[in-house]
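Peer 1:
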Amino acid sequence: MSLPNEPSAWQVESNDAFVPVYYKGDLAGFFKKEYAHEMIKFLNEDEVLKKALKLACIDLVKETNGDSKEVSNLIKKYIKMSKRPKYGTRAIALLLTERQKALDLSSQEFAKFCDTFKLSPDELNNIYAGEAIEDNLLAPLSRILGITKEQLLEVRDGSKE
Numbered sequence: 057m058s059l060p061n062e063p064s065a066w067q068v069e070s071n072d073a074f075v076p077v078y079y080k081g082d083l084a085g086f087f088k089k090e091y092a093h094e095m096i097k098f099l100n101e102d103e104v105l106k107k108a109l110k111l112a113c114i115d116l117v118k119e120t121n122g123d124s125k126e127v128s129n130l131i132k133k134y135i136k137m138s139k140r141p142k143y144g145t146r147a148i149a150l151l152l153t154e155r156q157k158a159l160d161l162s163s164q165e166f167a168k169f170c171d172t173f174k175l176s177p178d179e180l181n182n183i184y185a186g187e188a189i190e191d192n193l194l195a196p197l198s199r200i201l202g203i204t205k206e207q208l209l210e211v212r213d214g215s216k217e
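Residues are numbered in this note's numbering as their position in the sequence shown, beginning at 1, plus a constant of 56.
Here's what the structure looks like:
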């Protein structure tokens with residue numbers, strides 16, 4: 057029994073209308089009507105993109121006279137490459153690119169901006185090229201990115217958990 061002013065954990069909202077959503081003829085779940093169409097559109101586009109990636113990989117394997125068994129490995133490789141890197145130099149390069157966009161600076165202007173924080177254009181280019189980031193660059197990078205050195209170390213070296 058709940059107290060008079062305390063809301064119950066379980067509630068019924070009879071005013072909310074949900075519509076069934078099907079995947080290949082099987083019931084997948086129920087969604088609010090205002091979201092269902094947009095979700096279905098997104099999910100169908102995702103299926104089309106997966107098919108397009110598979111076809112492109114099949115074509116690439118055919119062009120290189122490769123084995124058809126390589127297609128699934130190639131698909132996995134491209135999916136992995138397209139995911140946002142969480143750790144390492146690629147992740148920091150992506151953070152720098154996002155910082156440049158946030159500041160609305162051209163590449164040349166951003167290089168000068170970084171140089172004012174003691175990160176030379178050559179060092180910046182080395183990061184974009186994927187070279188290892190030395191400890192002496194952590195302080196300037198943390199100032200440029202607006203994050204602590206500890207956070208930057210976690211991105212560079214990976215999570216310690």
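In this text, a Cβ means the ideal position worked out from N, Cα and C, and glycines have one as well.
Predicted model, so just to flag it, every value in this text is computed and none were measured.
1. What three-state label does DSSP hand D213 in the structure shown?
2. For T204 and V127, what's the separation of their Cα atoms in angstroms?
3. For V104 and A92, which I take to be in contact (beta-carbon distance under 8 Å), what is that distance rounded to the nearest angstrom?
4. From the DSSP output, in three-state form, read off L105 for me.
5. Report the residue ranges of all beta strand (DSSP E) runs contained in full by the region 78-159; include only those spanning at least 3 residues, in chain order.
6. Which of the three DSSP states is assigned to F173 in this structure?
7. Is the distance from the Cβ of I200 to the Cβ of T145 below 8 Å?
8. Under the three-state reduction of DSSP, which class applies to Q164: helix, strand or coil?
9. Just to check my reading of the structure: V211 and A147 have Cβ atoms closer than 8 Å, yes? What is that Cβ distance to the nearest angstrom?
10. In chain order, what residues of the same chain lie with their CB nearer than 7 Å to the CB of V68, ignoring the 5 residues before and after it?
11. Relative to the C-alpha of N72, which candidate in Y143, E90 and F98 has its C-alpha closest?
12. Please state the DSSP three-state secondary structure of P196.
13. Roughly how many angstroms separate the alpha carbons of E217 and N121, rounded to a whole number?
14. Do F87 and F74 have their C-beta atoms within less than 8 Å of each other?
Peer 2: Quick answer:
1. If DSSP states are grouped into helix, strand and coil, D213 belongs with the helices.
2. Whole-angstrom Cα-Cα distance: 42 Å.
3. About 19 Å; that fails the 8 Å criterion.
4. Here L105 carries a helix assignment [DSSP, helix/strand/coil].
5. Within the region 78-159, the complete beta strand (DSSP E) segments at least 3 residues long are 82-88, listed from N- to C-terminus.
6. Of the three classes helix, strand and coil, the one that applies to F173 here is coil, per DSSP.
7. Not closer than 8 Å, so no.
8. Helix at Q164.
9. Approximately 5 Å separates the beta-carbon atoms of V211 and A147; this is inside 8 Å, confirming the contact.
10. Around V68, the same chain offers no residue with a beta carbon nearer than 7 Å, after the five sequence neighbours per side are excluded.
11. Here residue 72 turns out to be Asp, not Asn, going by the sequence shown. The option with the nearest alpha carbon to D72 is E90.
12. It is helical.
13. Confidence is the limiting factor: at E217 the pLDDT is only 49, short of 50, which leaves the residue's position unreliable, though a coordinate-based value still follows. Their Cα atoms are separated by approximately 43 Å.
14. F87 places its beta carbon less than 8 Å from that of F74.
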